[in-house]
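Residue numbers (the UniProt record's numbering): 1 to 526.
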Amino acid sequence: MELTKQIEKRRTFGIISHPDAGKTTLTEKLLLFGGAIQSAGAVKSNKIKDHARSDWMEIEKQRGISVATSVMGFNYKDKKINILDTPGHQDFAEDTYRTLTAVDSVIMVIDCVKGVEKQTEKLMEVCRMRNTPVICFINKLDREGRDPYELLDEIEEKLSIKVRPLSWPIGMGKSFKGVYNLFDKSLYLFEPSKKKLEETGIAIENIHDSILEEKIGDLDAAGLREDIELVEGVYPEFAVDDYLSGNVAPVFFGSAVNNFGVKELLDTFINIAPPPKSRETEQRIVQPDENKFSGFVFKIHANMDPRHRNRIAFIRVCSGKFERGKNYHHVRLEKNFRFSNATAFLAQDRETIDEAWPGDIIGIYDTGNLKIGDALTEGEKANYKGIPSFSPEIFKEVINQDAMKSKQLSKGLDQLMEEGVAQIFNYEMGNRKVVGTVGALQFEVIQHRLKNEYGATCRFVPINLFKACWVSSNDKKKLDEFIKSKYRHIAHDKDGKLVFMAETKAWLQMVQDNFPEINFHFTSEY
Ligand code: GDP
């Protein structure tokens, strides 16, 4: 059946890492193998080209960080691969967490010099919560890094996941000679080269074969034999099921910038990585091979192309076949919509598509009907679970700097909030607007985009706030009383929901004690 065939073909995964570990470089090399781009450097230079089109990417360039998640699809062998790239910087972690709800597995890049870094730990927590299968790529072996055993121990310890090396490095830094692949029992010799594409291994079934001496010299041959015996002795045999259940992470060593170890990674990946998996909704579990289409929005991005003011909603197809131009049911609004302009994401471009299958990410141009977490179905009521919402931690008041442009400012703020970049709180009193974010850099992004995309100038003034608390109560009278007594601290979020802005922890505690009939929630979804 077509549907089963298409599902079996697809591999949708995210690449995660701490900034600078080599995620972008690895992505680019993977695309090269897929023939999706022609030369190394294309992803980066594309970023720069993009930047010419979209000014806010200036921030990415200046800071050398990637702000938004991008989606890239390509074919490799008989598989259709969808890579979801994620920003590594912690200030943009919300975007990354949401993206992880749309993938079926993850490749984690670790810098062999730095080992497991903070952001990797956090991201791994999210993977563990969802039992997402993880493959580790230990990168930059051409540099003097840490001892491989030490690195593996650190991964097990800090990331609370068992590891199983599937390749083993021979030397490191200046004396890096290559890797021995324990999975396909081949030796891969390292030649620093940024262009070389073919990586062919030398089959060495028996590690005691003297060909090893011939290829890497007596000393390294002896060392490698020892290592392999140790590795095979210490780590249980690799079982794909342990990887698929998220309990064991296979580990590869390589150097992305030198295109070394990347093809091996990709070949193993398409062998073992899971095809699109089932997804939980509040109502039931949705299987990918169900005939009826369903999917959910995990990201909104406005103004991807400033020449055309538009928003694009990223949808993960979870079941059935998506067809362009067909009517689909918008679960939250309980209305039917027709999307005649769905696009697929390719390495460098977006192209209109007529159909999409489970595991695919489609982009839908939207004028404001879609929000993060929204589900589309063929009529069924399904609310997809696990799309996280966040409790803002930093609050700043928006001060309009250009009275002539207050409309633009409002509109810009509204749209950026819909994207999930930050959250806005409109105070009942005095028309004050406060923006809450998880990371400080978000304010820079917002300010920059307001200026460039909406022509609005604003300033952000820090204010003292401990938490935004969404409030509700079964007792309408008590709620009214509460609002009346706390009038100065009451705001509405972008959806008009009631929020109590608590200035300190102690005060919040006191208010909670004084109003036992009021429920306080720390995220907008409750
Ligand atoms: P990201 O922030 O994780 O996307 O990291 P990038 O891919 O932008 O890489 C960060 C830096 O590390 C860049 O200067 C890369 O050229 C460099 N880099 C990536 N892979 C390797 C590698 O295998 N060896 C060395 N020496 N440098 C690398």
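We put the beta carbon where it would ideally sit given N, CA and C, even for glycine.
Check, Outcome
"Could you have a look at Leu187 and say whether DSSP puts it in helix, strand or coil?", "strand"
"Determine the extent of the alpha helix (DSSP H) in which Trp507 is found, giving its start and end residues.", "505–514"
"Just to confirm, are Val109 and Arg164 a CB contact at a threshold of 7 Å?", "no"
"Please classify Pro148: does DSSP put it in a helix, a strand, or coil?", "helix"
"Please tell me whether, using a cut-off of 6 Å, the distance from the CB of Val113 to the nearest non-hydrogen atom of the ligand GDP is below it.", "no"
"Take Lys381 as the anchor and find which of Glu280, Asp475, Phe466 has the nearest alpha-carbon.", "Glu280"
"So is Ser17 buried or exposed if we call it buried at 16+ other beta carbons inside 10 Å?", "buried"
"Just verifying my parser: in three-state terms, what is the DSSP assignment at Thr200?", "coil"
"Based on the DSSP secondary-structure assignment, which residues constitute the bridge partners of Thr377?", "Ser294, His329"
"Please classify Glu237: does DSSP put it in a helix, a strand, or coil?", "coil"
"How about Lys451 and Val398: do their beta carbons lie closer than 7 Å?", "no"
"Out of curiosity, what's the CA-to-CA distance linking Tyr235 and Lys505?", "48 Å"
"Would you list, in sequence order, the uninterrupted beta strand (DSSP E) runs of no fewer than 3 residues that lie entirely inside the segment 389–452?", "394–400, 423–427, 433–437"
"Consult DSSP for Gly261 and reduce its assignment to one of helix, strand or coil.", "coil"
"I need the DSSP call for Leu123, collapsed to helix, strand or coil.", "helix"
"To which residues does DSSP link Pro250 through a beta bridge?", "Arg164"
"Report all residues for which the CB-ligand distance to some heavy atom of the ligand GDP is below 6 Å; order them along the chain.", "Ser17, Pro19, Asp20, Ala21, Gly22, Lys23, Thr24, Thr25, Gly88, Asn139, Lys140, Asp142, Arg143, Ser255, Ala256, Val257, Asn258"
"Which same chain residues, not among the five before or five after Lys497, have their C-beta less than 8 Å away from its C-beta?", "Trp470, Ser524"
"Going by DSSP, what residue range makes up the beta strand (DSSP E) through Arg311?", "311–319"
"Do the CB positions of Asp289 and Thr12 come within less than 7 Å of each other?", "no"
"Would you mind giving the Cβ-Cβ distance between Pro133 and Pro274, rounded to the nearest angstrom? I have them listed as a contact below 8 Å.", "6 Å"
"Can you tell me whether DSSP reads Leu84 as helix, strand or coil?", "strand"
"Assuming Lys321 and Phe293 form a contact by the criterion Cβ under 8 Å, report the distance between their Cβ atoms to the nearest whole angstrom.", "6 Å"
"Roughly how many angstroms separate the alpha carbons of Ile312 and Ile364, rounded to a whole number?", "5 Å"
"Counting pairs of Cβ atoms below 8 Å between the segment 215–232 and the segment 170–182, do you hit three or more?", "yes"
"For the pair the segment 403–423 and the segment 436–452, tell me if three or more CB-CB distances fall below 8 Å.", "yes"
"Mind checking Asn206: buried by the 16 CB within 10 Å criterion, or exposed?", "exposed"
"Assuming Arg143 and Val113 form a contact by the criterion Cβ under 8 Å, report the distance between their Cβ atoms to the nearest whole angstrom.", "6 Å"
"Would you identify the three-state DSSP class for Asp95, choosing helix, strand or coil?", "helix"
"Would you say Ala468 and Pro388 are within 7 Å of each other, going by their C-beta atoms?", "no"
"Under the DSSP definition of a beta bridge, which residues are partnered with Ile111?", "Ile is not the amino acid found at residue 111; the sequence shown has Asp there. Partner(s): Gly115, Asn139."
"In whole angstroms, what is the alpha-carbon distance linking Pro169 and Arg146?", "12 Å"
"For the segment 251–264 against the segment 123–140, do three or more pairs of beta-carbon atoms, one drawn from each stretch, fall closer than 8 Å, so that the two count as touching?", "yes"
"Between Tyr427 and Glu121, what straight-line distance do the alpha-carbon atoms span, to the nearest angstrom?", "37 Å"
"Take residue 530 as the anchor and find which of Thr377, Asn400, Asp227 has the nearest alpha-carbon.", "Because the chain in this structure spans residues 1 to 526, residue 530 falls outside the shown range and cannot be described."
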